[in-house]
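Below is one structure, written out as structure tokens, with a few remarks after it.
Residue numbers (this note's numbering): 172 to 596.
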């Protein structure tokens with residue numbers, strides 16, 4: 172079994188040719204950097220790995236919770252009723268207090284005119300540990316807006332794994348007729364990686380551009396660069412329009428068809444939909460429940476090494492690879508990776524997330540890789556720039572991060588520590 176390789180979180184990143192998979196080789200960390208672990212996930216349909224987190228057994232309390240918890244019963248509620256070992260009353264109360272803070276915050280937010288409906292779930296290894304909804308059902312698909320970009324990035328990584336394209340391929344290989352292919356600014360060719368990282372030089376909006384037609388008869392718009400590729404981050408839907416067009420040229424399949432067959436079907440996302448007008452940047456709809464399935468299919472599940480994954484470990488690591496325009500990694504840096512934003516805390520990758528917001532749309536999937544957990548929430552705010560929506564976005568993430576770290580520390584790491592201690596006797 173291949174050992175996890177450590178992060179190199181601080182200082183100036185090494186040149187690309189010296190770091191084949193960049194800073195983050197092991198985004199799939201099962202525990203924090205305190206532990207030296209073996210990889211549970213070794214690729215799609217991989218060889219069996221250990222059942223345990225951090226190389227140890229999954230806590231019996233966690234197995235009992237999975238087997239006996241009722242619908243809508245939170246982990247804190249269950250712990251309070253069953254008092255499993257090794258959790259002491261203080262630890263159980265800490266978890267329940269974190270849940271109470273979340274519940275109070277959600278009660279004060281959901282139902283307001285600015286935030287009429289909300290469905291939220293927090294999952295560990297795909298198992299719900301906290302779910303709440305008001306006005307939106309956990310199983311009801313909602314538009315994801317820009318979270319669609321994460322699906323597009325995963326699709327491109329799948330094609331790279333299959334040898335159908337390379338992340339560092341130049342766009343000119345697929346669409347030589349584009350102006351950026353014929354005359355790239357600064358003489359710097361635009362690559363697929365630039366599109367994924369949103370540093371191709373294409374702006375969010377422009378009066379100048381082109382339209383390309385794919386083999387499926389669909390049309391995609393592309394705008395003219397305003398800065399050379401790799402120089403700076405500029406969030407632009409046009410990057411992902413072009414990725415959708417490249418996907419169609421490489422596969423000969425429409426973007427909606429590919430997403431349905433290669434992502435929804437593989438992950439078991441039966442509640443999800445993709446519009447026939449989907450374009451790589453938007454157009455996917457999903458439920459909180461289905462997005463939890465996407466989360467598991469993306470990073471895997473402890474104890475299920477043969478679970479069919481959407482992408483393998485190396486591709487997962489690419490999502491958080493440091494972009495070319497980042498010249499120094501600060502301890503709490505945030506940047507746009509491959510289809511997801513990457514948040515560092517204290518010098519290591521703490522969160523991967525993407526948000527989709529528009530009128531009557533709020534969608535977010537936020538993955539905490541060290542804790543093997545995810546926050547997934549959907550809402551329908553009429554005005555997405557309303558202060559309530561802006562405040563909710565960041566406060567919910569803070570409360571969820573506190574909660575999943577408590578669960579990881581008190582339930583999983585404390586149990587593993589006891590097992591280690593007993594083995595030394």
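Beta carbons: idealized from backbone N, C-alpha and C, even for Gly.
| Check | Outcome |
| --- | --- |
| Of the residues 469, 428 and 513, which one's Cα is nearest the Cα of residue 328? | 469 |
| Where does the unbroken alpha helix (DSSP H) through residue 471 begin, and where does it stop? | Here residue 471 belongs to no alpha helix (DSSP H), and DSSP marks it neither H nor E. |
| Drop a sphere of 10 angstroms on the beta-carbon of residue 164, count the other beta-carbons inside from all chains shown, and report buried for 16 or more, exposed for fewer. | One cannot answer for residue 164 here, as it falls past the ends of the chain, which runs 172 to 596. |
| Among the residues of its own chain, which have a CB less than 6 angstroms from the CB of residue 514, if the five just before and after it don't count? | 505, 521 and 522 |
| According to DSSP, what are the bridge partners of residue 607? | Given a span of 172 to 596 for the chain in the structure shown, any question on residue 607 remains unanswerable. |
| Quick check: the region 281-297 against the region 439-452, are at least 3 beta-carbon pairs closer than 8 angstroms? | no |
| Measuring alpha carbon to alpha carbon, tell me which residue in 414, 563 and 370 is nearest residue 279. | 563 |
| Three or more C-beta pairs closer than 8 angstroms, one from the region 342-354 and one from the region 523-539: is that the case here? | no |
| In this structure, does DSSP put residue 583 in helix, strand or coil? | helix |
| Bridge partners for residue 314 per DSSP, in chain order? | 456 |
| By alpha-carbon positions, which one of 237, 245, 239 and 509 ends up nearest to residue 411? | 509 |
| Please list the terminal residues of the continuous beta strand (DSSP E) segment that includes residue 383. | 380-384 |
| Let me check one thing: in DSSP terms, what residues is residue 524 bridge-paired to? | 512 and 537 |
| Using a Cβ-Cβ cutoff of less than 7 angstroms, which residues in the same chain neighbour residue 433 once the five nearest sequence positions on both sides are dropped? | 326 and 329 |
| Please determine, among 383, 395, 454 and 464, the residue with the shortest C-alpha to C-alpha distance to residue 547. | 464 |
| For residue 443, which residues does DSSP report across the bridge? | In the DSSP output, where bridge partners are listed per residue, residue 443 has none listed. |
| Per DSSP, what are the beta-bridge partners of residue 547 in this structure? | 292 and 536 |
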